[in-house]
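For our numbering, count along the sequence shown from 1 and bump the result up by 304.
Beta carbons are placed, not taken as given, at the ideal position from N, Cα and C, and that holds for glycine.
Here the structure is laid out as structure tokens; the discussion comes afterwards.
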Amino acid sequence: MDRQSSNGTDNRGVQAFVALQILGAVLFVMITTTAFVAQRRGGSRHPTFFSFCFSWIVFCASYALLTFAGQQERPDHSMCTVHAALVYAAPPLAGSTTVSLVTHLLLNVHLALYKTAKKRGSLFVSIALVFTPWIIWISIVIGVLFFGFHYPDLVQFSSNRTYCILIKTSLPNLLSSWTTLFFAILIVEEIVIGVLLYRNRDLLRGYNQSATMTMRVMVLTIFARSGIAVAFVYTVTDKLGIQFDLLIGASE
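The following block contains the structure:
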């Protein structure tokens, strides 16, 4: 009786976890669509913003892949390996696109406050901010796929039945360290932006639109920081319960 009750609770937990992922993906699709419409009507959104939104759609969809494939209960090895690759690549992707977005914001704040002329390399910087996170993501996905198919015994379904994981390897810890680096860079950049805005608060009166956009991005990245931090802890250990998986979904 207790085992049946536990299984029922676990099933509800898995369903809630997947539902949160799908909800997060839908919300970011709505944000992206709204931004596209505003862009066509004369609005201005830098490509780093769209890259940020797309990365979180990929993030959420990656965790929900098993449900989309109809293999949430018992995935086969190939699907489990693909799922593990996407799940391990998701936090670095989200972390790097968030850093790119905030880096672009920092450069714009510096440009507005100090009236610095745009340099010739600004186009290259923009291209790098947009494409580097996705190059990182593709590299991790390919690397984990190669590892998983080469060492099939080291890929398994988590005890919570929510995602697939790698065992007996330091690769998850290496990726979590990478995510931690992005998280640290993000915090430092936001502190710098905060200090710049505070020191030049009198000048901001003439840049109401820029200040508003800055606040919007800062608020948006609060949720990103939470998601990255929680996902980082997830990549360190697989011994956390279903409640922690729900925290991952709720933080996105």
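*Output the distance between the C-alpha atoms of T313 and A320, rounded to the nearest integer angstrom.*
A caution first: T313 carries a pLDDT of 44, below 50, which makes its placement in the model unreliable, though a value can still be read off. Their backbone Cα atoms lie some 10 Å apart in a straight line.
*From W482 to V413, what distance separates their C-alpha atoms?*
27 Å
*asked:* Do A389 and V445 count as a contact pair if the criterion is CB distance below 8 Å?
replied: Going by beta carbons, V445 and A389 fall inside the 8 Å limit.
*Please determine if the segment 427-441 and the segment 350-362 are in contact, where contact requires at least 3 C-beta pairs separated by less than 8 Å.*
yes
_Distance, H381 Cα to W360 Cα_ = 26 Å
*Can you tell which of V386, G498, A368 and T436 has its C-alpha closest to the C-alpha of I326?*
A368
*In the structure shown, what three-state DSSP assignment does S310 receive?*
Here S310 scores only 43 on pLDDT, less than 50, and its place in the model should not be relied on; the value that follows carries that caveat. Here S310 sits in helix by DSSP.
*asked:* Here's a check: name, in chain order, each residue in its chain whose Cβ is nearer than 7 Å to the Cβ of N504, leaving out the five neighbours to either side.
replied: Around N504: L417.
*Have a look at the DSSP bridge pairing and note the partners of L470.*
V459
*On the three-state DSSP scale, how would you describe N504?*
coil
*For the alpha helix (DSSP H) that contains A365, what are its first and last residues?*
P351 to Y367
*Tell me, please, whether the segment 470-480 touches the segment 324-342 by the rule of three or more beta-carbon pairs shorter than 8 Å.*
The segment 470-480, when compared against the segment 324-342, does not touch it at the 8 Å Cβ threshold.
*Would you report the Cα separation of I469 and V318, rounded to the nearest angstrom?*
16 Å
*Spatially closest choice to S404 from S443, I489, D457 and C364, by CA coordinates*: I489
*Please say whether A398 and M383 have beta carbons closer to each other than 8 Å?*
No; because the gap between Cβ atoms is not below 8 Å, this pair is not in contact.
_Pairwise C-alpha distance: R465 and T484_ = 26 Å
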